[in-house]
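Residue numbers (the numbering used here): 43 to 219. Beta carbons are placed, not taken as given, at the ideal position from N, Cα and C, and that holds for glycine. Just so we're clear, the structure is a prediction, and the values are computed from it rather than from any experiment.
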Amino acid sequence: MMKQKEFSIPFSGLKQGKHEFKYKIEKKFFESFEYDEFNGADIDLTVILNKTSTMLELDLRALGVVNVDCDLTSEPFDQKIDAKLELVVKFGDEYNDEDDELLIIPHGEHQVNIAQYVYEMLVLAVPQKRIHPGVVDGTLKSEALDKLAALQPKETKENKEENDPRWDTLKKLLTDK
């Protein structure tokens, strides 16, 4: 993974108070992390840096879409992304990023790189199960959906009404308590 230089925020020359940074995230950002689950990306990232004398507070907000493949039909579609992350940067003796919301950097540092945090926030914002909106509302027509419908078990009237008498006897045991 290469270090994303454009995501290094130099804070040493900034006055105390709030500062805003804007980024445009595309597919090449994810490729730099060797992540190939997205076909494309168009995400606007806004970072609000609140600098105080003892720490930095970063509010990250991402809005946009990533193009992913549907898990059912393999049809590509745009998945909306709306993600937030609050990160506190404190100064200490050595670098420590073990906590998800707290980053400790050495006292001599003059910039903070947020690329890893942005990457994790965006990847986690995409649902685990990706279903095309056309599948949900029934407007998508595809070979995969037709094949799934054809292979679905048929429920017939005979299967519903016909009971095995052995099971009826066993079911009485459950109700005879």
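- By the 16-neighbour rule on beta-carbons within 10 angstroms, T211 is exposed.
- By alpha-carbon distance to T115, the top candidate from K171, L216, A157 and T217 is K171.
- DSSP lists L91 as the beta-bridge partner residues of H61.
- No Cβ-Cβ contact shorter than 8 Å links V89 with I147.
- No Cβ-Cβ contact shorter than 8 Å links V165 with L87.
- When the five nearest sequence neighbours on each side are left out, the beta carbons in the same chain lying within less than 7 Å of the beta carbon of D84 are those of E68, G106 and V107, in order along the chain.
- Here the region 123-135 makes contact with the region 90-105; the two share three or more CB pairs at distances below 8 Å.
- Relative to H152, the option among A167, G55 and E48 whose CA is nearest is G55.
- Ranked by Cα distance from K57, the options S74, S95 and E73 are led by S95.
- Here L216 carries a helix assignment [DSSP, helix/strand/coil].
- By the neighbour-count criterion, in which 16 or more other beta carbons inside 10 Å mark a residue as buried, V110 falls on the buried side.
- Around Q121, the same chain offers V107, V108, N109, V110, V168, P169 and R172 as residues with beta carbons nearer than 8 Å, after the five sequence neighbours per side are excluded.
- Residues Y65, N155, I156, A157 and V160 of the same chain have their beta carbon placed closer than 8 Å to that of F49, with the five preceding and five following residues left out of the count.
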